[in-house]
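K.L.:
Note that the UniProt record's numbering gives residue 353 to position 353 of the sequence shown, counting from 1, and the numbers run on in steps of one.
We put the beta carbon where it would ideally sit given N, CA and C, even for glycine.
Quick one: structure below, then a few questions.
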Amino acid sequence: MTEKLLDAPRRVLAGVLGLLALGVVMFAAPRADGPPRPLPVDARPDEFSAARALGQLSRFATEPRPIGSAASARTRDYLVGHLRAEGFGVQVQRAVGASSGAGLATFGRVENVVATLPGSDPTGTILLAAHYDSAAMGPGASDDGAAVAAILETARALRERGPLRNDLVLLLSDGEEDGVLGAEAFVREHPLGRAKGVLLNFEARGAGGPTLMFETTRNNARLVSAFAHAAPRPHGDSSMVELYRMLPNNTDFTPLSEAGFRGMNFAWIQRGSHYHTATDSIGNLDRGSLQHQGATMLALTRTLGNTDMADLDGRGDATYFRLPGVMVTYPGALVPVLTVLSVLAFGGLVAAVRKRRLASLPRMLIAAVSAILPLLLAAVLAQVLWSVLAGVRPDYDTMGGLLHRPVPYRAAVAALAVLALSLWYVPLRRRLGPAALAVGALAWPTGLGVLLTWAAPGAAFLCTLPALACALGGLGAVLLPRGRFAALLLGLVVPGLLLPAWAQAAFDGMGLALAGVPALALALFGLTLLPLAELVLPERRAALAVPSALALAIALAVTGMTVETYDQTRPRRTHLAYVMNADSGTAHWVSGDADPGSWTRRYASGHDQGGLPPGYARNLRWTGPAQPMRAAEPRVQIVSRDGDLLRLRVSTGRGARSVTLRFDHPITEASAAVPGSRPARVAVDGTRPKTWPGEVRFRGLPASGASITVRVPGGRRLTAIAETTGLTTVPGFVPPPRDLVPSTREDGDLTTVTRTYNLR
1 MTEKLLDAPR RVLAGVLGLL ALGVVMFAAP RADGPPRPLP VDARPDEFSA ARALGQLSRF
61 ATEPRPIGSA ASARTRDYLV GHLRAEGFGV QVQRAVGASS GAGLATFGRV ENVVATLPGS
121 DPTGTILLAA HYDSAAMGPG ASDDGAAVAA ILETARALRE RGPLRNDLVL LLSDGEEDGV
181 LGAEAFVREH PLGRAKGVLL NFEARGAGGP TLMFETTRNN ARLVSAFAHA APRPHGDSSM
241 VELYRMLPNN TDFTPLSEAG FRGMNFAWIQ RGSHYHTATD SIGNLDRGSL QHQGATMLAL
301 TRTLGNTDMA DLDGRGDATY FRLPGVMVTY PGALVPVLTV LSVLAFGGLV AAVRKRRLAS
361 LPRMLIAAVS AILPLLLAAV LAQVLWSVLA GVRPDYDTMG GLLHRPVPYR AAVAALAVLA
421 LSLWYVPLRR RLGPAALAVG ALAWPTGLGV LLTWAAPGAA FLCTLPALAC ALGGLGAVLL
481 PRGRFAALLL GLVVPGLLLP AWAQAAFDGM GLALAGVPAL ALALFGLTLL PLAELVLPER
541 RAALAVPSAL ALAIALAVTG MTVETYDQTR PRRTHLAYVM NADSGTAHWV SGDADPGSWT
601 RRYASGHDQG GLPPGYARNL RWTGPAQPMR AAEPRVQIVS RDGDLLRLRV STGRGARSVT
661 LRFDHPITEA SAAVPGSRPA RVAVDGTRPK TWPGEVRFRG LPASGASITV RVPGGRRLTA
721 IAETTGLTTV PGFVPPPRDL VPSTREDGDL TTVTRTYNLR
């Protein structure tokens, strides 16, 4: 098409200028739209100051604080004292929280900090939520200490302007990392857990980036409007909402929203290599991200706290997304309208191209049908790249694809998308013609827009708007003699703003392990760029596209391997645990690493798992002998058995924070209680993979123990595992070098003692 719309001498220059213009749109504009500058300690008292929040964070986020730990208790006491000093009514809710998964029931003794501030003329409740526990592997400065500190600073700033109209509740929950246990107990037992107000929950999955609003309850239109108008630099898009609704991931937002709260969930997701590791520290926390999170929290709390809750009622979800400098929102009713317009515009483009004899209908149809090939191939090549990288560098797999320096690999994925497009475009260009390929390719964003309008309306904009813009740009190029190039370029601005940014967010959130997802978005973007590709790739040069893209992808992958090195600020991860069988008196080191480093191999360098306790091994690759020691061991008393129903009394020796019970048969239900708490019950479906099929965990086990009831049809044996965090007390243990930290596996960096019991 473009070779007939522009004179040949100007084609390459126009194409280069067009690509440069798009490059500015794609890369420069979003980078100018990042988190704000952090405000200092002496900022205005009624403003949020990241520096003041950091002062709060430094009081508790310097060491791991998992549920039931001494550090968790110190954090709880600090939060209670500080909020009382700010004039809040504060109580500590002590309860047993519960959750379930495939073959698994998890319980934990939680201590939620609940603070209240009455409104002046309340029409409802605003619930600000974050969890103060951390993963056992790190201090959790970002996840979720930053949000807790931001709530403390927000609480202080709110007091500067007098009371809100609506009641304010602060929920600083416990046990989120072990299965949203604190939030579950809050909604099940606390009166305020059934208040059904507006929820603002804050999380983190990395160490920086803008705070994204990534999840909402249904019928969110008026909440989204409040967010778009009140929040400074609002970020996020409604495709995340649709995606998150399909995934099994849970935060505290899940049980709170299921209990009737309507609201929004926020998190930053960049620099994910620090997530759940020892490097999730104050030093690695982006100050601008903290400022953005806190300023968003304060602005929304003020706005919603002074809003009549009845005004937030409404039906339907809104579509929303970020463009540089502005948050775009429109009602769900407009989604099918835009989809119809994109289909009509695409149909008009097909008719115009056919009428001008730029391409025939059969050729455009062949191009449209075949354009699925580069989309699928790009995704497959990206996943093959990850498989090769994980094979060559098993340490990448240990990091879950969230690497320290991922940019060269992300660029390699983009080059593979170009390779996939070239393998399709170059052979068909001569047979079908560039106009047929350019128009036929637009059938995919158009068709996907139709599909998403039906299946996930909040994500439809990712395809509908690029399809509409490109079709209108193509029509302008065909029908306007003097504005052909400008029309084409303007039509590419919308996909240039939306699709690469979405791919970047997918890289941030999913890592390279799911590189096929952003690769698909990049290939879809590439289909919209075919008119420009025709400008910069005259026919005599087109054959160079395939080897050039392949060479570039290889060069970028090699560059990635070269720059992805480890040091104490960007450490490697390893999995290592100590397990002692109290029945046999033997002990072992175990590791699940695919290729352990020299430090890990000094403990676990063999493969013999025959000496491990029954039901213990799960995804383990390496073992080694260890010296037995005196350590906290599990104690299980079988109180009674009534058919399939087993009543147990479980405790451990001093120092063990948790106990795990593994059963040789699947479990179907479980309950747990500790002295002074109500029993918590869950139903259990499915089985645990690669180990004994039924499992019950109790996190934060008190010294007095817990009563656990399990229904286990046919059960004959259980293995109890007492777990103590850390390996420093194990004889012969030498701490790892500073460039090596425990992996994110929950059964790593543990001293465990097992005992097996016969149930019949």
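W268 bridges to which residues according to DSSP?
P.N.:
W268 pairs with A204.
K.L.:
Near T744, which residues of its chain fall below 8 Å by C-beta distance, leaving aside the five closest residues on each side in sequence?
P.N.:
Around T744: A135, M137, Y275, H276, T277, G400, R573.
K.L.:
Please state if the CB of R356 and the CB of V478 are separated by a distance shorter than 8 Å.
P.N.:
Yes.
K.L.:
Within 10 angstroms of the Cβ of D7, are there 16 or more other Cβ atoms? Answer buried if so, exposed if not.
P.N.:
Unreliable placement is indicated for D7, whose pLDDT of 49 sits below 50; no coordinate value is reported for it.
K.L.:
For residue 769, which option in L375, L170, P689, R602 has the closest C-alpha, if you only look at C-alpha atoms?
P.N.:
The chain is shown from 1 up to 760; residue 769 falls before or after that span and cannot be answered.
K.L.:
Given a threshold of 16 other Cβ atoms within 10 Å of its Cβ, counted over all protein chains shown, does L5 qualify as buried or as exposed?
P.N.:
With a pLDDT of 45 at L5, under the threshold of 50, the modelled position of this residue cannot be trusted; read the value that follows with caution. It counts as buried.
K.L.:
Taking only three categories from DSSP, how would you classify A130?
P.N.:
Note: A130 maps to strand in three-state DSSP.
K.L.:
How many Å lie between L300 and T211 at the Cα?
P.N.:
Cα to Cα, L300 sits roughly 13 Å from T211.
K.L.:
Does T754 come out as helix, strand or coil in the three-state DSSP assignment?
P.N.:
Strand at T754.
K.L.:
Answer yes or no: do L181 and G108 have a C-beta to C-beta separation smaller than 8 Å?
P.N.:
Contact flag set, yes.
K.L.:
Exposed or buried, which one is I126 when buried takes at least 16 other CB atoms within 10 Å?
P.N.:
Looking at its Cβ environment, which holds 16 or more other Cβ atoms inside 10 Å, I126 is buried.
K.L.:
Per DSSP, which residues does P634 bridge with? Please list them.
P.N.:
Answer is T652.
K.L.:
Have a look at L403 and G615 and give me their C-alpha separation to the nearest angstrom.
P.N.:
So the two alpha carbons sit approximately 33 Å from each other.
K.L.:
Considering only the alpha carbon of each residue, which of D508, A506, L492 lies closest to L527?
P.N.:
The residue with the shortest Cα to Cα distance from L527 is L492.
K.L.:
Tell whether a beta-carbon distance below 8 Å holds between L164 and A115.
P.N.:
For L164 and A115, no; Cβs fall outside 8 Å.
K.L.:
Can you tell which of L468, L520, R755, S605 has the C-alpha that lies nearest to the C-alpha of G585?
P.N.:
For the residues L468, L520, R755, S605, the minimum Cα distance to G585 belongs to R755.
K.L.:
Cα separation between S658 and D77?
P.N.:
S658 and D77: Cα-Cα distance of roughly 22 Å.
K.L.:
Out of M561, M510, T329, which has the shortest C-alpha to C-alpha gap to G391?
P.N.:
The shortest C-alpha separation from G391 is found at M561.
K.L.:
For the beta strand (DSSP E) containing F48, name the first residue and the last one.
P.N.:
It is not in any beta strand (DSSP E) - F48 carries neither H nor E in the DSSP assignment.
K.L.:
Can the beta-carbon of L158 be found less than 8 Å from the beta-carbon of Y132?
P.N.:
Contact flag unset, no.
K.L.:
Just mark residue 787 as buried or exposed, buried being the case when its beta carbon has 16 or more other beta carbons within 10 Å.
P.N.:
Any answer about residue 787 is impossible in this case: the structure gives the chain only from 1 up to 760.
K.L.:
Would you say R647 and W692 are within 8 Å of each other, going by their C-beta atoms?
P.N.:
No, these two residues do not count as a Cβ contact at 8 Å.
K.L.:
At 4 residues or longer, and completely inside the stretch 277 to 338: list those alpha helix (DSSP H) runs for me, N to C.
P.N.:
Listed in chain order, they are 287 to 305.
K.L.:
Does the pairing of the stretch 221 to 236 with the stretch 313 to 323 give three or more beta-carbon distances under 8 Å?
P.N.:
With the cut-off at 8 Å, the stretch 221 to 236 and the stretch 313 to 323 touch.
K.L.:
Among the candidates I151, V96, A352, whose CA atom is the shortest distance from the CA of F88?
P.N.:
For the residues I151, V96, A352, the minimum Cα distance to F88 belongs to I151.
K.L.:
Could you check if T2 is buried or exposed, using at least 16 other CB atoms within 10 Å of its CB as the buried criterion?
P.N.:
Residue confidence for T2 is low, a pLDDT of 49 falling below 50, so the modelled location carries little weight and cannot support an answer.
K.L.:
Should A147 and A231 be called a contact, given that it needs their Cβ atoms to be closer than 8 Å?
P.N.:
Against a cut-off of 8 Å, the Cβ pair of A231 and A147 comes out as no contact.
K.L.:
Any idea what DSSP makes of L402, helix, strand or coil?
P.N.:
Coil at L402, not helix or strand.
K.L.:
How many Å lie between A505 and S239 at the Cα?
P.N.:
Taking the straight line from one Cα to the other gives about 11 Å.
K.L.:
On the DSSP letters alone, give me the boundaries of the alpha helix (DSSP H) that L79 sits inside.
P.N.:
70 to 85 is the extent of the alpha helix (DSSP H) around L79.
K.L.:
Looking only at its own chain, which residues have a Cβ that is under 8 Å from the Cβ of C470, when we skip the five neighbours before and after it?
P.N.:
Closer than 8 Å at the Cβ level, and outside the excluded window around C470, lie L442, P445, G491, L492, V494, P495, T528.
K.L.:
T652 and A632: beta carbons closer than 8 Å?
P.N.:
Result yes, Cβ atoms of T652 and A632 sit closer than 8 Å.
K.L.:
Which residues in the same chain have their Cβ closer than 6 Å to the Cβ of H235, if we skip the five residues on either side of it in sequence?
P.N.:
Within the same chain, H235 has close Cβ partners P210, L212, R322.
K.L.:
Can you look up D143 in the DSSP assignment and give me helix, strand or coil?
P.N.:
Helix, per DSSP.
K.L.:
Give me the residue from T217, L290, G611, R65 with the minimum Cα distance to S142.
P.N.:
Per the Cα distances, L290.
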